[in-house]
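Participant: For the sequence shown, the working numbering gives the first residue as 1092, with consecutive numbering after it.
Ideal Cβ placement from N, Cα and C applies to all residues, glycine included.
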Amino acid sequence: MKYVVSACLAGEACAYDGRPRTCSAVERLVREGRAIPVCPECLGGLPVPRPPAEIKDGTGGDVLAGRARVVNCEGRDVSGAFIHGARATLEIARRHGVRNAILKARSPSCGYGRVYDGTFTGTLRPGCGVTAALLQEAGFRILTEEEVQHLVL
Ligand code: SF4
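1) In chain order, what residues of the same chain lie with their CB nearer than 8 Å to the CB of THR1210, ignoring the 5 residues before and after it?
2) Determine the extent of the beta strand (DSSP E) in which GLU1145 is found, giving its start and end residues.
3) Cβ of VAL1121 within 7 Å of Cβ of ALA1098?
4) Per DSSP, which one or two residues make a beta bridge with THR1235?
5) How many angstroms separate the CA atom of ASN1163 from the CA atom of LEU1155?
6) Which stretch, first to last residue, makes up the alpha helix (DSSP H) that contains SER1097?
7) Identify, in the order they occur along the chain, each residue of the same chain with its Cβ nearer than 7 Å to the Cβ of ALA1229, setting aside the five sequence neighbours on each side.
8) Got a sec: does the ligand SF4 put a non-hydrogen atom nearer than 6 Å to the Cβ of SER1170?
9) Closest to ALA1184 by CA distance: which of VAL1129, ALA1116, PRO1111, THR1113 is it?
10) Applying the 10 Å Cβ sphere with the 16-neighbour rule, what's the burial state of VAL1243?
11) Scan the region 1155–1189 and note each continuous beta strand (DSSP E) run of 3 residues or more that stays entirely inside, going in chain order.
12) Can you give the beta carbon distance from ALA1224 to THR1150, rounded, assuming they're within the 8 Å contact cut?
13) Could you compute how far the alpha carbon of SER1198 sits from the alpha carbon of GLY1220?
14) Could you please give me the residues that DSSP links to VAL1129 through a beta bridge?
15) Per DSSP, PRO1217 is paired with what?
Pasting the structure below:
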């Protein structure tokens, strides 16, 4: 089985703070040629490092539907970059015939099931990041790095 994976989990220093979020199981999948690393925020044109961002007043699905925005800690609306990166990620996955993803938990792009609530206080709310929401809508099976450590992939 092949996966698209959050590039920061594969050891790429692409997180907002310019550091990786390495997950050994994901690194192994990439080494074995079974995973394609993608960073939706970089694909959307955002720099590394960059100010952290959270979804305000909604979830990734709401951002895709135009009902909520992704705003960084400086107050800048970065929704367009997040949506662009999500679409680019879906396009890459489709080009490779991939329908499974392992995504970084809680990220406003990659988070699956729970994301930060837009207050920059570390508070979580139910929902997905923008890319996870788009992949979910497209029928992908999504796991987070917190689930894969003990799975045989
Ligand atoms: Fe990692 Fe996703 Fe954030 Fe990129 S957008 S740094 S892949 S969590």
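Facilitator: On the basis of the data shown:
1) The sequence position of residue 1210 within the sequence shown is 119, counting from 1. The residues are GLU1145.
2) In the sequence shown, counting from the first residue as 1, residue 1145 sits at position 54. Element bounds for GLU1145: 1144–1147.
3) Taking the first residue of the sequence shown as position 1, residue 1121 is located at position 30. Taking the first residue of the sequence shown as position 1, residue 1098 is located at position 7. Contact flag unset, no.
4) Residue mapping note: residue 1235 aligns to position 144 of the sequence shown, counting from 1. According to DSSP, THR1235 bridges with LEU1194.
5) Numbered from its first residue, the sequence shown carries residue 1163 at position 72. Numbered from its first residue, the sequence shown carries residue 1155 at position 64. Roughly 17 Å between the two C-alpha positions.
6) Walking along the sequence shown from the start, residue 1097 turns up at place 6. Unbroken run through SER1097 is the beta strand (DSSP E), 1094–1097; no alpha helix (DSSP H).
7) Position 138 of the sequence shown, counting from 1, holds the residue named residue 1229. Cβ within range, chain order: LEU1181.
8) As a position in the sequence shown, residue 1170 is number 79, starting the count at 1. SER1170 Cβ: outside cutoff for every heavy atom of the ligand SF4.
9) As a first step, residue 1184 is located in the sequence shown; it is residue number 93 there, counting from the start. Cα-wise, what sits closest to ALA1184 is VAL1129.
10) Here residue 1243 refers to the residue found at position 152 of the sequence shown. Per the 10 Å Cβ criterion, exposed.
11) 1160–1163
12) Position 133 of the sequence shown, counted from the first residue, corresponds to residue 1224. Position 59 of the sequence shown, counted from the first residue, corresponds to residue 1150. Yes, they are in contact, since the Cβ atoms of ALA1224 and THR1150 sit about 7 Å apart, within 8 Å.
13) Sequence index remark: in the sequence shown, residue 1198 carries index 107 (1-based). Sequence index remark: in the sequence shown, residue 1220 carries index 129 (1-based). For SER1198 and GLY1220, the distance between alpha carbons rounds to 6 Å.
14) The residue given as residue 1129 occupies position 38 in the sequence shown. Answer is SER1097.
15) As a working note, residue 1217 is residue 126 in the sequence shown. The partner list for PRO1217 (beta bridge, DSSP) reads ARG1205.
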